[in-house]
Amino acid sequence: MRDLLITGARLADGSGVDLGISGGRFVEPDGVSDPERINGDGLLALPGLVDPHTHLREPGREDAETVATGTAAAARGGYTAVAAMANLDPVTDTAEAAEHLAALAARTGSAEVIVVGSVTKDLAGEQLSEMGLMSRSAAAVRMFSDDGRCVLDPLMMRRALTYARSFDAVIAQHAQDSRLAGPGACCHESEISGRLGLPGWPAQAESTIIARDVQLAELSGGRLHVCHVSTAEGVEVIRWAKARGISVTAEVTPHHLYLGTREVESYDTVFKVNPPLRTDEHIEAVRAALADGTIDMVGTDHAPHARQDKDHPFDIALPGMLGLEQSLGVVVEVMVDSGLLDWSALVDRMSVAPARLTRSPRQGRPVAIGEPANVVLVDPSARAVVDREASASKSRNNPYHGRELPDPVVATVWAGRVTYRR
Ligand code: NCD
Ligand code: ZN
Numbered sequence: 145m146r147d148l149l150i151t152g153a154r155l156a157d158g159s160g161v162d163l164g165i166s167g168g169r170f171v172e173p174d175g176v177s178d179p180e181r182i183n184g185d186g187l188l189a190l191p192g193l194v195d196p197h198t199h200l201r202e203p204g205r206e207d208a209e210t211v212a213t214g215t216a217a218a219a220r221g222g223y224t225a226v227a228a229m230a231n232l233d234p235v236t237d238t239a240e241a242a243e244h245l246a247a248l249a250a251r252t253g254s255a256e257v258i259v260v261g262s263v264t265k266d267l268a269g270e271q272l273s274e275m276g277l278m279s280r281s282a283a284a285v286r287m288f289s290d291d292g293r294c295v296l297d298p299l300m301m302r303r304a305l306t307y308a309r310s311f312d313a314v315i316a317q318h319a320q321d322s323r324l325a326g327p328g329a330c331c332h333e334s335e336i337s338g339r340l341g342l343p344g345w346p347a348q349a350e351s352t353i354i355a356r357d358v359q360l361a362e363l364s365g366g367r368l369h370v371c372h373v374s375t376a377e378g379v380e381v382i383r384w385a386k387a388r389g390i391s392v393t394a395e396v397t398p399h400h401l402y403l404g405t406r407e408v409e410s411y412d413t414v415f416k417v418n419p420p421l422r423t424d425e426h427i428e429a430v431r432a433a434l435a436d437g438t439i440d441m442v443g444t445d446h447a448p449h450a451r452q453d454k455d456h457p458f459d460i461a462l463p464g465m466l467g468l469e470q471s472l473g474v475v476v477e478v479m480v481d482s483g484l485l486d487w488s489a490l491v492d493r494m495s496v497a498p499a500r501l502t503r504s505p506r507q508g509r510p511v512a513i514g515e516p517a518n519v520v521l522v523d524p525s526a527r528a529v530v531d532r533e534a535s536a537s538k539s540r541n542n543p544y545h546g547r548e549l550p551d552p553v554v555a556t557v558w559a560g561r562v563t564y565r566r
């Protein structure tokens, strides 16, 4: 691994910095030998981004994504770590499965892969998975989620939150009451679901589960994380819970910050996602919540799907859209360029907070001498039209295709190694 020298960049607070990188850490600029040079003039050097919510699809659906392609997409998006959700095939519900994924990531990954274990066996919601064994395994699992499905049974949720306490783990919930928003629900329930003739997914199917779960977190003393919050009602419940001192964190996706129900009018299945794209009042609410910290972080919910799984009528196509490569661009557009977040707060929402959530000691650290060299170099003014064919992902379900967005990522360095360079 060659040494690196980055000159002339600025940190998030605006101060200038020259950075040497050697042995996987930041060193003084004169501490490197025969380095690869990167001219940082006009660029920001930010801590590598951390995604608390990625679907890598390996093992099981390697035609849609692999650890290699998903983490390459992560690097292209400025990420140095991604949390790999457990809805794989087989499901990550045993220590063996968790260790298998960790070993695969060590061999083929272009970013740190944080292994997420499932809460219940085979995501069936009936028996707890091997949470303790997964936490004590070589994969050292600290986050559990049945994401893709909601842990619907409140007793199961209470037990998971209680059990997870003993190994400092968090339970990440996909909040969807599947009786209120049933299996076919695919469109925000409002005027538009009626007009388009699509089964409705009401905001309350999310917010009532969040309301239940924050109270179970209080009862159990466990740590709760709410995945992909998409509703104003959900935000209000989280605000209430935080004011009460309950241990809850939340994420919002780039697509719920940026896209809305109007996209669904085309019936283009790239815009089918769970939870569904919402109306302007909800979009405004999640933006304001990310700005004021009620929503702690951005999670991409990068959900690659093969073409044959999207080439169906809207109500039967699989839900999910890509996110890793355009996430930072979307957040810059919606939150930074609009004045809602400054760069230091963006670093908190996209690196520091998710690193703390997932208990990742090498991530979300300052760009400073002696720290692990995880850094993304950002050009705050670069823009480009998104081309789904240019993606590092194996899938093409990119909802930003053809749109002009900020294109800030110039280079990504993970553990001292260049994983992406424009
Ligand atoms: C995700 C997937 O495809 O795995 N789909 C989605 O619509 N978000 C599952 C999930 O995050 O709920
Ligand atoms: Zn989900």
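Mapping of the sequence shown onto my numbering: residues 145 to 566, in sequence order.
Cβ coordinates follow ideal geometry from the N, Cα and C atoms, glycine included.
- One thing to note: L148 has its Cβ within 7 Å of the Cβ of E180.
- One alpha carbon belongs to T563, the other to A282, and they sit about 24 Å apart.
- Pairwise C-beta distances place the region 192-211 in contact with the region 252-266, as three or more of them are shorter than 8 Å.
- Using a Cβ-Cβ distance cut-off of 8 Å, the region 319-326 and the region 283-292 are not in contact, since fewer than three pairs of beta carbons, one from each stretch, lie closer than that value.
- Between ligand 2 and H426, a heavy atom-to-CB distance of less than 6 Å is absent.
- A distance criterion of 6 Å places the beta-carbon of G338 beyond contact range of ligand 1, judged by its closest non-hydrogen atom.
- In summary, H456 is exposed, with fewer than 16 beta-carbon neighbours lying within 10 Å of its beta-carbon over all protein chains present.
- Inclusion of V554 and L190 in the CB contact set at 7 Å is not warranted, their separation being larger than that value.
- Assigned with DSSP and collapsed to three states, I382 falls in helix.
- Taking non-hydrogen atoms of ligand 1 into account, the C-beta of D291 is found less than 6 Å away from one of them.
- Secondary structure note for E256: its beta strand (DSSP E) is the uninterrupted segment E256 to G261.
- DSSP places Q317 in the strand class (E or B) of the three-state scheme.
- For R367, the CB contacts under 6 Å within the same chain, skipping 5 residues up- and downstream, are V314 and S391 in chain order.
- When DSSP states are grouped into helix, strand and coil, I354 belongs to the helix group.
- Less than 7 Å separates the beta-carbon of A156 from that of W487.
- Relative to the Cα of A526, the nearest Cα in the group P550, G276 and M229 belongs to P550.
- Residue side-chain check: G467 keeps its Cβ at 6 Å or more from all non-hydrogen atoms of ligand 1.
- When only Cα atoms are considered, A316 and R561 end up about 30 Å apart.
- With contacts defined by Cβ atoms closer than 7 Å, P552 and V511 do not form a contacting pair.
- Excluding residues up to 5 positions away in sequence, K454, F458 and A461 lie with their Cβ nearer than 6 Å to the Cβ of T413 in the same chain.
- Taking the Cβ of V396 as the reference point, every heavy atom of ligand 1 lies at 6 Å or farther away.
- Note that the C-beta distance between H318 and P543 is not below 7 Å.
- Three or more Cβ pairs closer than 8 Å define a contact, and the region 367-379 meets that threshold against the region 428-447.
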